[in-house]
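Asks:
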Amino acid sequence: MKRNTLLVSAALLAALTGRAGAQAVGASVAPVAQQAAADSVLEARTNAVATQLRCPVCQGVSIQDSPAELAQQMRDLVREQLRTGKSPDEVKAYFVSKYGEWILLQPRASGFNILIYALPVLAVVGGLVVVVVAMRRWTKPPENPSI
Amino acid sequence: MNWKRSLIAAVAAVPLIMLFAWGFTRDPGTIPSPLPGHAAPLFALDVFAPGQPPLSRPVGDTVRLADLRGQVVVLNFWASWCLACRDEHVVLSTTARRYAERPVHFLGVLYNDRPAAGVAWIAEMGGQSYPSMQDPGARTAIDYGLYGVPETFFIDGSGRVAYKQLGPASEVLLAHIVDSLIAVLPQHPTAPATKSGS
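Residue numbers (our numbering), protein chains in the order written: chain A, 1270 to 1416; chain B, 5 to 202.
#1: Within 10 angstroms of the Cβ of Tyr151 (chain B), are there 16 or more other Cβ atoms? Answer buried if so, exposed if not.
#2: Taking only the alpha-carbon atoms, compute the straight-line gap between Ala70 (chain B) and Ile1372 (chain A) and give it to the nearest angstrom.
#3: Within 10 angstroms of the Cβ of Gly55 (chain B), are there 16 or more other Cβ atoms? Answer buried if so, exposed if not.
#4: Let's see if you can read the secondary structure: which residues bound the beta strand (DSSP E) around Trp85 (chain B)?
#5: By Cβ distance below 7 Å, which residues in the same chain neighbour Trp7 (chain B) in space, the five residues on each side in sequence not counted?
#6: Please report the Cβ distance between Val76 (chain B) and Val108 (chain B), rounded to the nearest whole angstrom; I am assuming they are in contact, meaning their Cβ atoms lie under 8 Å.
#7: Could you tell me whether any Cβ in chain B is nearer than 7 Å to the Cβ of Gly1354 (chain A)?
#8: Inspect the beta-carbon positions of Tyr134 (chain B) and Ala100 (chain B) and report whether they are closer than 7 Å.
#9: Could you say which of B:Glu155, B:Ile126, B:Leu87 and B:Phe24 lies nearest to Ser97 (chain B) if we only look at CA atoms?
#10: Please report how far the alpha carbon of Cys1324 (chain A) lies from the alpha carbon of Glu1312 (chain A), in whole angstroms.
#11: Could you say if the segment 168-183 of chain B and the segment 84-98 of chain B meet the contact criterion of at least three C-beta pairs nearer than 8 Å?
#12: Quick check: what's the CA-CA separation for Lys1409 (chain A) versus Asn1382 (chain A)?
#13: Any idea if His93 (chain B) is buried or exposed, counting beta-carbon neighbours within 10 angstroms, 16 or more meaning buried?
#14: Excluding the 5 residues flanking Ser60 (chain B) on each side, which residues of the same chain have their C-beta closer than 7 Å to its C-beta?
#15: Hey, Phe157 (chain B) and Leu79 (chain B): beta-carbon distance below 7 Å or not?
#16: Can you tell me the Cα-Cα spacing of Met1390 (chain A) and Gly1396 (chain A), whole angstroms?
#17: Less than 7 Å between the C-beta atoms of Ala48 (chain B) and Thr66 (chain B), yes or no?
#18: Does any residue of chain B bring its CB to less than 7 Å from the CB of Tyr1368 (chain A)?
#19: Pick out whichever of B:Arg102, B:Ser184, B:Asp31 and B:Gly64 has its Cα sitting closest to the Cα of Asp160 (chain B).
#20: For Asp1358 (chain A) and Phe1364 (chain A), I'd like the C-alpha separation in whole angstroms.
#21: Return no unless some Cβ of chain A is closer than 7 Å to the Cβ of Pro36 (chain B).
#22: Whole angstroms is fine: what's the gap from Thr1315 (chain A)'s alpha carbon to Arg1344 (chain A)'s?
#23: Report, in whole angstroms, the separation of the C-beta atoms of Met137 (chain B) and Leu111 (chain B), which I expect to be a contact under 8 Å.
#24: Given this structure, state the Cα-to-Cα distance separating Ser1379 (chain A) from Gly1354 (chain A), to the nearest angstrom.
#25: Give every residue of the same chain whose Cβ lies closer than 6 Å to the Cβ of Ser202 (chain B), excluding the five residues on either side of it in the sequence, and list them in chain order.
#26: Can you check which of these residues, A:Val1318, A:Val1310, A:Val1326 and A:Trp1407, is closest to Asn116 (chain B) by C-alpha distance?
#27: When you compare the CB positions of Pro38 (chain B) and Trp82 (chain B), do they come within less than 7 Å of one another, or not?
#28: Using a Cβ-Cβ cutoff of 8 Å, what residues of the segment 1323-1347 of chain A are near chain B? List them in chain order.
#29: Can you give me the start and stop residues for the alpha helix (DSSP H) that Tyr1368 (chain A) sits inside?
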């Protein structure tokens, strides 16, 4: 009986210390994990914006893909601006205000830029019309067949 | 029927030819800057190369654009690894010295380079009359939409970017723009004196 009491006490003590220890470890691990999660979210948001911005010292490459020093510095700036609470659109607007619309790898569909998006569609439609007209002409039976 | 076909071909081809012709008038390597006409981005940069009297500023001194309001600022971005910067160096340095008593500040900003390399370059080039500042992380360069060196920004007395020069600046260009900007400064007799005391 006495031995059982001792065993139960020991088990309780172990459970309590174990739990407290786990809590202590959890308390130190949780902020690290949260920080890592926040960092990965920030990194993902940075990448998303950086892929849309043109590297000014490269040829048609985004600042995300360029190893150039200026591109890396611009990426750092994107990260910093996102960290301070700016939205991706505000960050892009900042770079547009410095470099113009040119800095956007995908031009905005407004104003003169609409041509970029409209011309391919118009070309396809125009091509289809030409094909249809030509096919009709080719397949039309001769009106006055001569024997 | 031939005239009809010719008309269709012309209607299709003329806009394309015009578009291509317009394209030939543009340099694809030039990025049009949205800055001219707008407020110059403010900066506070530390001097690493002091320049020479009477234009010198102590090393470590912080130059703030906001403090130079009411005077013309010529802001030149350069680097020791930039070949074209060698071409304009003498012109910039002598022009700055010539305008020493006028309400204009010539300032250099080192772009993606080590200050030690910048100092060595200045010594190799025979000195620089005006001070140069370092720009860690190229933050000011990005603020000015820089994509190469040399680039020179002319900032008027109201703090607006009046003109941006891509590539080496010539003596004629510097004198023309600086004279024009000084001419439209609000008249205040203390301007040259303030400059030597700043």
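Think of the CB as a built atom: it goes at the ideal place given N, C-alpha and C, for glycine as much as any other residue.
Replies: A quick look at the data gives this:
#1: By the neighbour-count criterion, in which 16 or more other beta carbons inside 10 Å mark a residue as buried, Tyr151 (chain B) falls on the buried side.
#2: Here the alpha carbon of Ala70 (chain B) sits roughly 28 Å from the alpha carbon of Ile1372 (chain A).
#3: buried
#4: Run containing Trp85 (chain B): none; DSSP gives neither H nor E here.
#5: none
#6: The Cβ separation is near 4 Å, so the contact holds.
#7: no
#8: yes
#9: B:Ile126
#10: 18 Å
#11: yes
#12: 41 Å
#13: It is buried - the Cβ of His93 (chain B) has at least 16 other Cβ atoms within 10 Å.
#14: Pro54 and Pro135
#15: yes
#16: Inspection of the sequence shows that residue 1390 (chain A) is occupied by Val rather than by Met. Going from the Cα of Val1390 (chain A) to the Cα of Gly1396 (chain A) covers about 10 Å.
#17: yes
#18: yes
#19: B:Ser184
#20: 10 Å
#21: Yes, Pro36 (chain B) counts as interfacial toward chain A.
#22: 7 Å
#23: 7 Å
#24: Roughly 27 Å separates the two Cα atoms.
#25: Low confidence applies to Ser202 (chain B): its pLDDT is 39, below 50, so where it sits in the model is not reliable, and the reading given next is rough at best. There are no such residues.
#26: A:Val1326
#27: No Cβ-Cβ contact shorter than 7 Å links Pro38 (chain B) with Trp82 (chain B).
#28: Under the 8 Å Cβ criterion, the segment 1323-1347 of chain A contributes Pro1325, Val1326, Glu1338, Leu1339, Gln1342, Met1343, Asp1345 and Leu1346.
#29: Pro1357 to Tyr1368
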